[in-house]
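Written out below as structure tokens is the structure these notes cover.
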Amino acid sequence: QQPVQSPQAVILREGEDAVINCSSSKALYSVHWYRQKHGEAPVFLMILLKGGEQKGHDKISASFNEKKQQSSLYLTASQLSYSGTYFCGTALKTSYDKVIFGPGTSLSVIP
Amino acid sequence: DTEVTQTPKHLVMGMTNKKSLKCEQHMGHRAMYWYKQKAKKPPELMFVYSYEKLSINESVPSRFSPECPNSSLLNLHLHALQPEDSALYLCASSQVVNQPQHFGDGTRLSIL
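This is the structure:
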């Protein structure tokens with residue numbers, strides 16, 4: 132039940148935008164997004180609990196399409212500090228207490 | 003500064019040793035988690051404790067034994083580990099399950 136993420140990796144220049152997608156083959160209860168920098172612990176970005184919900188802070192936002200069992204993370208006007216690996220974590224409606232992480236998307240922002 | 007503290011930061015042990023990993027949080031969280039993470043892979047869920055009771059065991063081998071002595075502490079007891087168990091072990095906590103998780107810095111475990 133691991134979610135699928137795309138792309139696997141992306142390289143951006145500062146100021147460019149990126150979208151990371153996360154999808155599941157099963158009905159989702161929630162989607163979580165985390166960023167992990169090299170050698171550090173994962174850091175929580177946001178959680179989406181309702182279909183259609185969009186959340187964001189600063190220039191990072193996310194949407195959740197419950198019908199399609201998909202979520203997307205939007206990074207606008209990227210900064211060097213956005214570099215890292217982005218993981219989506221999904222909890223199924225049948226086991227909402229278990230969050231399983233996708234394989235990750237490596238994002239590199241270059242000057 | 004991390005609000006979830008894990009000790010030790012590094013651990014090297016032989017396959018016949020017994021050791022324990024410790025995790026502590028003082029945020030009043032009632033859900034705590036153990037994850038295993040290999041290089042360039044996502045954190046892999048091992049155990050979930052909810053209100054000090056084990057609620058999820060992801061078919062983890064019995065050589066890993068979790069313990070939650072109180073709402074602030076989580077231990078992972080290790081015995082007779084294999085070389086493939088070498089990894090970063092992350093502890094996390096959240097207010098309750100399915101809420102934002104706060105991760106510790108992890109214990110890097112090497113099995114000789």
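Going down the list, the protein sequences come from chains A and B. Counting with this note's numbering, you get residues 132 to 242 for the letters of the first sequence. Counting with this note's numbering, you get residues 3 to 114 for the letters of the second sequence. Glycine included, C-beta positions come from ideal geometry on N, C-alpha and C.
Simplified DSSP state of L206(A), which is helix, strand or coil: strand
Between Y35(B) and the rest of its own chain, which residues show a CB-CB distance below 6 Å, the 5 nearest in sequence each way excluded? V50, A94
Classify D3(B) as buried or exposed, calling it buried when 16 or more other Cβ atoms lie within 10 Å of its own Cβ. Low confidence applies here, because D3(B) scores a pLDDT of 48, under 50, leaving its location unreliable and the question unanswered by this model.
Among D87(B), A41(B), R110(B), C25(B), nearest to S74(B) - alpha-carbon criterion: C25(B)
Can you find a C-beta in chain A that's less than 9 Å from the C-beta of K55(B)? no
So, for H31(B): in the same chain, excluding its five sequence neighbours on each side, which residues have a beta-carbon less than 6 Å away from its beta-carbon? S95, S96, Q97
Residues near N152(A) in its chain [Cβ-Cβ closer than 6 Å; skip 5 each side]: S137, S203
Which chain A residues sit within Cβ distance under 9 Å of S52(B)? D228
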